[in-house]
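First comes the structure, then the notes that go with it.
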Amino acid sequence: MRLFETPIDRVLAITRTTSLLNVRNRPGVSGEPVGQVDALKMLEVVERVEGDAVSGNDEWYRIAEDAFCWSGGCGELEFLQDGKFRTNPEVRRREDGTITTLSEEEKIRIFGRIEYTSKDNGAIEITNDFRRNLVRIHPPFFPLPPYDASSMFVHVKARPSFQRVFYLLMKHDLARFVKTYDGAFTARHMAWNKSRPLSSHSWGIAVDLNARDNGYGKEPAKEDENGTLLPVLPFFEAEGFAWGGHFKPAAYFDGMHFELARLDI
Ligand SMILES: [Zn+2]
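Taking this note's numbering, the leading residue of the sequence shown gets 16, the next gets one more, and so forth.
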């Protein structure tokens, strides 16, 4: 049984075992055992299949070629796919190849209209039903300081992109570069300034990481500096995220900020 060798575009979801789990060569208790997985280990689910019912639950997960485990011994699925995986996301780029953000019009068209009233501190009160688009995800290397959050809210259409990036960072041992999680969905204006347009955080398509070392209007941390995000940048870009460290002019640098900029979701 060789786990964790499925290409990312074929991994349906990830989950964690909740107890010691037998792995069998077919989806049923009569299947031959081919291995065991300890409690609280991460698994890649390639496919959900119907098998023998155990305690009334007949859902099994295929976790590798000819390797199945009973879903009842696993936690919730964190989906990495929505059927639209593309290895070359459709994005707009600057002349230097870096990815530009979507316009407000595009954000509205792709992710939905937000009706709101503004507060003095730059936050907004959402007055339509936009919030029904938000879903909770549990990145595999959370919780992180400073809030110790174990989950975050993102737009349902952005969920697979966030999940894939976070999972790949963990798989490539790069999650250690993400020191702090400083926010995803937040209903507010850009830079908490109510005279500026809505922040992409309001749509749940942006995340802030390592804020202390990658502050707004400052040069982002370099490769050899504390809090650098350069090792994780290629994974975000491959999924179609624009990076605030590429914003122009330099007064707008926002090195903590990654936002989804795909036109094809
Ligand atoms: Zn941000």
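For each residue, glycine too, the CB sits at the ideal point set by N, CA and C.
{"Query": "What residue from Glu-119, Val-106 and Arg-41 has the CA that sits closest to Phe-83's CA?", "Result": "Arg-41"}
{"Query": "With DSSP collapsed to three states, give me the class of Ser-217.", "Result": "helix"}
{"Query": "Any heavy atom of ligand 1 closer than 6 Å to the CB of Ala-276?", "Result": "no"}
{"Query": "So which of Ala-266, Leu-55 and Val-180 has the shortest CA-CA distance to Phe-273?", "Result": "Val-180"}
{"Query": "Measuring straight from C-alpha to C-alpha, what distance separates Ala-164 and Asp-239?", "Result": "27 Å"}
{"Query": "Jot down the residue ranges of each uninterrupted alpha helix (DSSP H) in the stretch 218–265, minimum 4 residues, whole runs only, in chain order.", "Result": "248–253"}
{"Query": "For ligand 1, is there any heavy atom lying closer than 6 Å to the beta carbon of His-272?", "Result": "yes"}
{"Query": "Measure the C-alpha to C-alpha separation of Lys-172 and Ala-266 and round it to an integer number of angstroms.", "Result": "30 Å"}
{"Query": "Kindly indicate which three-state DSSP category Phe-126 falls into: helix, strand or coil?", "Result": "helix"}
{"Query": "Going by the DSSP bridge assignment, what does Thr-32 pair with across the sheet?", "Result": "Cys-89"}
{"Query": "Tell me whether Phe-157 sits in a helix, a strand or coil according to DSSP, three-state version.", "Result": "coil"}
{"Query": "In three-state DSSP terms, what is Ser-176?", "Result": "helix"}
{"Query": "Between the Cα of Arg-17 and the Cα atoms of Ala-226, Val-38 and Trp-258, which residue gives the shortest distance?", "Result": "Val-38"}
{"Query": "Quick check on the burial criterion: 16 or more other C-beta atoms within 10 angstroms. Buried or exposed for Lys-122?", "Result": "buried"}
{"Query": "Taking the alpha-carbon positions, what's the Ala-54 to Lys-186 distance?", "Result": "19 Å"}
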